[in-house]
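Data first, discussion second: the structure below is written as structure tokens.
Residue numbers (the numbering used here): 426 to 639.
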């Protein structure tokens with residue numbers, strides 16, 4: 426495993442919600458970070474069929490363009506009753522014909538698909554959020570970190586916090602959705618803590634333990 430010897434990196438994302446969450450997580454560690462969106466980098470085509478492949482595509486594109494280490498996130502909602510969908514195509518379910526993304530529409534698509542499967546009880550609506558972080562260097566070296574959180578898809582959506590599918594995901598052991606949690610509650614982790622809640626915080630914790638800690 427390669428250690429990160431700089432606190433200047435690129436957040437390899439154009440997704441405002443992801444950029445905000447990653448900055449919330451790296452901020453306490455003293456990082457200086459600009460996003461791929463800030464730097465006007467072209468979004469690479471995400472042609473992978475796994476979270477790991479797509480995370481690597483994004484991180485390597487930004488690392489090589491910036492000449493700096495880059496940290497990307499590829500994440501999605503994996504629903505058992507839908508055979509793992511939307512999965513790596515989580516963002517695609519939100520795409521409109523004009524290229525914009527509408528996650529209210531995407532959540533309605535999920536609910537319609539579950540209804541068609543007859544998934545009416547919590548036991549029928551199990552799911553997990555998956556996040557894979559990739560740290561890439563300009564020379565092409567990469568490190569991958571995966572985090573998952575189990576839960577249930579609920580309807581109707583609840584809460585206006587977070588982003589994406591957060592309002593319909595209720596993690597096991599909680600009565601609130603990610604959409605009803607503050608950023609601090611959702612992540613459930615800061616540097617030095619033993620446990621993390623969200624999929625992204627769990628992946629980030631592994632990144633810190635592997636690439637930052639002595």
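Every residue gets a Cβ at the ideal spot worked out from N, C-alpha and C, and that includes glycine.
Given the structure is predicted, the values throughout are model-derived calculations rather than measurements.
Item to check | Distance CB(residue 604)-CB(residue 585) smaller than 9 Å | outcome: On the chain shown, residue 604 is found 179 positions in, with the first residue counted as 1. On the chain shown, residue 585 is found 160 positions in, with the first residue counted as 1. Yes, the Cβ-Cβ distance between residue 604 and residue 585 is below 9 Å.
Checklist entry - Which residue or residues does DSSP assign as beta-bridge partners of residue 636? => result In the chain shown, counting from the first residue as 1, residue 636 sits at position 211. Per DSSP, none; premise fails for residue 636.
Checklist entry - Opposite residue 600 in the DSSP bridges: which residues? => result As a first step, residue 600 is located in the chain shown; it is residue number 175 there, counting from the start. None; residue 600 has no bridge partner.
Checklist entry - Are there 16 or more other CB atoms within 10 angstroms of the CB of residue 600, so buried, or fewer, so exposed? => result Indexing the chain shown from 1 puts residue 600 at position 175. So residue 600 counts as exposed.
Checklist entry - Under the three-state reduction of DSSP, which class applies to residue 428: helix, strand or coil? => result Position 3 of the chain shown holds residue 428. Coil.
Checklist entry - If you draw a straight line from the alpha carbon of residue 540 to that of residue 471, how long is it in whole angstroms? => result Position 115 of the chain shown holds residue 540. Position 46 of the chain shown holds residue 471. In a straight line, the C-alpha of residue 540 is about 29 Å away from that of residue 471.
Checklist entry - Where does residue 568 land, buried or exposed, given buried means 16+ other C-beta within 10 angstroms? => result Taking the chain shown and counting its residues from 1, the one referred to as residue 568 is at position 143. It counts as buried.
Next on the checklist: Which residue marks the beginning of the alpha helix (DSSP H) containing residue 448, and which one marks its end?
Outcome noted: Sequence index remark: in the chain shown, residue 448 carries index 23 (1-based). 441–451 is the span of the alpha helix (DSSP H), which, as asked, contains residue 448.
Item to check | Distance, residue 485 Cα to residue 465 Cα | outcome: Start at 1 with the first residue of the chain shown, and residue 465 comes out as number 40. Start at 1 with the first residue of the chain shown, and residue 485 comes out as number 60. When rounded, the distance between both Cα atoms is 16 Å.
Checklist entry - Can you tell which of 426, 442, 441 and 454 has its C-alpha closest to the C-alpha of residue 434? => result Here residue 434 is taken as the residue at index 9 of the chain shown, counted from 1. Ranking 426, 442, 441 and 454 by Cα distance to residue 434 puts 454 first.
Item to check | Own chain partners of residue 438 with C-beta closer than 8 Å, once the 5 adjacent residues on each side are dropped | outcome: Here residue 438 refers to the residue found at position 13 of the chain shown. So the qualifying residues of the chain are 444, 447, 460, 461, 462, 483, 497 and 498.
Next on the checklist: Quick check on residue 592: does DSSP put it in helix, strand or coil?
Outcome noted: Here residue 592 refers to the residue found at position 167 when the chain shown is read from its first residue. The answer is helix: DSSP assigns residue 592 an H, G or I state.
Checklist entry - Quick one: complete beta strand (DSSP E) runs, 3+ long, within the segment 494–542? => result 495–504
Checklist entry - DSSP on residue 476, reduced to helix/strand/coil? => result Here the question's residue 476 lines up with position 51 in the chain shown. Correct three-state label for residue 476: helix.
Item to check | Where residue 466 falls: helix, strand or coil (DSSP) | outcome: Residue numbering aside, residue 466 sits at position 41 when the chain shown is read from its first letter. Residue state, collapsed to three classes: coil.
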